[in-house]
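Engineer: Sending over a structure as structure tokens; questions will come in a sec.
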Amino acid sequence: MSLLAINPTLLIGMPGTGEWVIILVVVVVLFGGKKIPELARGIGKGIREFNDAKKGVQDEIESGMKDTDKSK
């Protein structure tokens, strides 16, 4: 059986338990135990800022739509 005969969609998917353990070990080795909380805090702050910006843009669009409705 050739490698090209394998369906490519079978090769792409969510990592299983073994892969998650390997990823976790690599993260601990690369960043160390003390840096992981700082890394998680930074990721959380970035997600929070992204959601705040997304909400701000959404609010601006909605207020713009309300303004155009009132002017008609």
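Using our numbering, the first residue of the sequence shown is number 1290, and each one after it goes up by one.
Built from N, CA and C at the ideal position, the CB exists for glycine as well.
By the DSSP assignment, the alpha helix (DSSP H) with Met1307 in it spans what residues?
Structural biologist: By 1-based counting over the sequence shown, the position of residue 1307 is 18. Sequence check: residue 1307 is Gly here, not Met. That run of the alpha helix (DSSP H) goes 1306-1320.
Engineer: So what does DSSP say about Lys1334, is it helix, strand or coil?
Structural biologist: By 1-based counting over the sequence shown, the position of residue 1334 is 45. DSSP places Lys1334 in helix when its eight states are reduced to three.
Engineer: Let me confirm a value: Met1290 is counted as buried when at least 16 other C-beta atoms fall within 10 Å, else exposed. Which label applies?
Structural biologist: Taking the sequence shown and counting its residues from 1, one reaches residue 1290 at position 1. In this prediction, Met1290 scores a pLDDT of 48, lower than 50, which makes its location untrustworthy; the coordinate-derived value is nonetheless stated afterwards. It is exposed - the Cβ of Met1290 has fewer than 16 other Cβ atoms within 10 Å.
Engineer: Can you find the residues in the same chain that come closer than 8 Å, C-beta to C-beta, to Val1317, ignoring five residues on each side of it along the sequence?
Structural biologist: By 1-based counting over the sequence shown, the position of residue 1317 is 28. So the qualifying residues of the chain are Ile1325.
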